[in-house]
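Notes follow once the structure below has been shown.
Numbering (my numbering), first residue to last: 1 to 126.
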């Protein structure tokens with residue numbers, strides 16, 4: 001049962017980041033309407049800089065890692081700041097979509113818990 005939940009969470013998070021990461025390059029989803037002015041300003045600024053390309057590249061790469069089941073802890077570490085920023089963006093600037101951002105955060109946290117043994121050495125004081 002736990003293995004099925006772990007697999008489902010990994011595949012769902014991988015699919016989310018792979019698809020929406022690719023959307024940053026190919027734009028197969030329509031541009032979202034209804035962003036508040038501050039959210040729109042932030043998104044426009046990011047899209048006009050190297051940051052957007054870097055983030056979307058990380059999303060595609062980490063999504064592929066999660067989908068393939070390879071280097072899962074590495075993918076989770078790389079996605080953690082992106083997930084936190086997605087959550088904070090929706091919490092502060094676009095709260096009407098906080099449920100989706102919360103689901104992504106829960107998937108990330110649950111996968112970190114499932115793979116916690118891979119992170120034990122990072123949390124030891126040397």
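From the three backbone atoms N, C-alpha and C, an ideal C-beta is built for every residue, glycine too.
As the structure is a prediction and not an experimental result, all values here were calculated from the model.
In terms of alpha-carbon separation, which member of the options lies closest to residue i?
| i | options | result |
| --- | --- | --- |
| residue 14 | 68, 95, 50, 117 | 68 |
| residue 55 | 75, 118, 112 | 75 |
| residue 21 | 82, 1, 88, 10 | 82 |
| residue 18 | 4, 6, 79, 100 | 79 |
Put residue i into one of helix, strand or coil per three-state DSSP.
| i | result |
| --- | --- |
| residue 28 | coil |
| residue 46 | helix |
| residue 3 | helix |
| residue 122 | helix |
| residue 108 | helix |
| residue 23 | helix |
| residue 96 | helix |
| residue 35 | coil |
Inset, instruction - Decide if the segment 25-42 is in contact with the segment 81-101; the criterion is three or more beta carbon pairs, one per stretch, under 8 Å apart. - result: yes
Legend entry - Runs of alpha helix (DSSP H) lying entirely within the segment 50-93, each at least 4 residues, in chain order: 50-68, 72-92
Inset, instruction - Please determine if the segment 45-60 and the segment 104-116 are in contact, where contact requires at least 3 C-beta pairs separated by less than 8 Å. - result: no
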